[in-house]
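Step one of this worksheet: look at the structure below.
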Amino acid sequence: MTAQFPSEQSPDGAFKRQEDAFRDWVSTDKSAPYPVEPNRYHLYVCLACPWASRTVIVRHLKGLENVIDMTTLDPIRDDRGWAFRDGSGYSRDPINGFSFLSEAYTASDPNFQGRVTVPVLWDKKKRRIVNNSEDDICRMFNDAFSSLGSGPVDLFPKEIETEHTKLSAFLYEKVNNGVYEAGFATAQSEYEKACRALFAALDELEASLATRRYLFGKTPVEADWRLFCTLVRFDAVYHGHFKCNVRRIVDYSNLQGYLMDLYQLPGIAATVNFDHIKRHYYYTHDDINPTRIVPIGPDLDLTKPHGRDRL
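Set out below in structure tokens:
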């Protein structure tokens with residue numbers, strides 16, 4: 000089997016994700032290279048991507064829509080990478096006039112050789128990428144940009160910092176990246192290892208959510224949105240396309256209710272585009288789906304009553 004990303008495939012058939020290349024930081028220190036300023040920074044995303052979608056959600060929850068503008072890329076990625084095109088829910092680049100996101104990478108580092116990824120936080124003043132790590136961007140939106148936003152939530156509460164960090168690492172390894180390790184594996188043993196670890200983690204989360212509304216109680220924190228971005232894509236693409244088919248999320252009563260609860264919070268449904276999600280995965284990953292046929296299902300309804308508010 001041909002690897003979807005050969006440079007990120009180990010000899011034993013395991014998928015090993017590349018490190019994020021740009022890790023500069025926006026700071027409240029006005030003398031810093033990247034100080035917090037309204038309307039200085041721009042967010043490039045694709046709504047198909049779970050990593051990028053988490054930054055979109057945090058931007059919304061922190062009320063930063065009028066502080067950090069955003070451009071959505073075409074969900075169809077070809078051998079030229081992420082593209083700016085006009086279409087339903089995506090557009091051309093109004094900031095730099097780039098045709099492809101790769102132009103932002105080479106403008107920032109002419110020697111960049113890695114895979115071009117979303118999200119990207121762009122500095123309009125210095126005309127370069129500040130950061131392409133969703134973890135860093137979410138943290139900056141929550142902390143450095145907090146005084147500029149209208150959202151009162153703190154997604155990284157100090158009182159649970161240690162436990163939160165530990166759970167986020169578990170979610171990344173077993174769930175967020177776990178679905179990719181299963182889907183991009185090119186050896187049966189590596190697929191099975193990743194898939195079994197994924198469902199063991201989902202079983203553990205199902206049990207945990209039996210007695211609490213969210214991962215740390217009655218208020219969602221960043222880890223909840225980290226998990227949400229995988230769960231909301233699971234039955235539509237990861238179950239079939241990535242062969243994570245031991246169970247669906249709808250087969251888990253607590254996880255399904257939790258997913259619906261988060262989806263129904265104000266403004267969240269607008270960050271989810273199932274057309275973008277399905278077309279990206281099924282059309283772009285042609286080594287996994289060579290026919291590029293996009294399924295018409297499943298029929299998902301995340302707007303029904305969920306009863307989680309009683310917990």
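Residue numbering for the sequence shown follows numbering that gives the first Met the number 0, beginning at 0 and increasing consecutively. The beta carbon of each residue, even a glycine, is placed where N, CA and C say it ideally should be.
query: Cβ separation of residue 20 and residue 280, assumed to be a contact under 8 Å, to the nearest whole Å; result: Not a contact, Cβ separation roughly 24 Å.
query: Spatial distance of residue 192 from residue 101 (CA atoms); result: 33 Å
query: Rounded straight-line distance, which links the Cα of residue 252 to that of residue 108; result: 47 Å
query: Assigned secondary structure, residue 99 (DSSP; H/G/I helix, E/B strand, else coil); result: strand
query: Residue 310 versus residue 182 - alpha carbon distance; result: 34 Å
query: Beta-carbon spacing of residue 258, residue 214 below 8 Å; result: no
query: Chain-order list of residues whose beta-carbon lies under 7 Å from that of residue 228 (same chain, five-residue window excluded); result: 49, 52 and 53
query: Among 149, 71 and 86, the one whose alpha carbon lies nearest that of residue 116; result: 71
query: Cβ contact (3+ pairs, closer than 8 Å) linking the segment 267-280 and the segment 208-222; result: no
query: Entirely enclosed alpha helix (DSSP H) segments - the segment 198-258, minimum 4 residues; result: 221-232
query: Close beta carbons around residue 152, own chain, < 6 Å, minus the five adjacent residues each side; result: 60
query: Residue 44 and residue 140 closer than 8 Å at C-beta; result: no
query: Distance, residue 27 Cα to residue 306 Cα; result: 41 Å
query: 6 Å CB neighbourhood of residue 55 in its chain, flanking five on each side removed; result: 44 and 270
query: Delimiting residues of the alpha helix (DSSP H) encompassing residue 53; result: 49-60
query: Residue 311 versus residue 159: straight-line alpha-carbon distance, rounded; result: For residue 311 there is no data in the structure shown, the boundaries of the chain being 0 and 310.
query: The ligand SAM heavy atom lying under 7 Å from the CB of residue 6; result: In the structure on display, the ligand SAM does not appear, and there are no ligands present to speak of.
query: Validate contact between the segment 25-39 and the segment 127-146 using beta carbons, cut 8 Å, 3 pairs; result: yes
query: Residue nearest to residue 148 in terms of C-alpha spacing, selected from 12, 262, 8 and 68; result: 68
query: Through-space distance from residue 42 to residue 166, alpha-carbon basis; result: 27 Å
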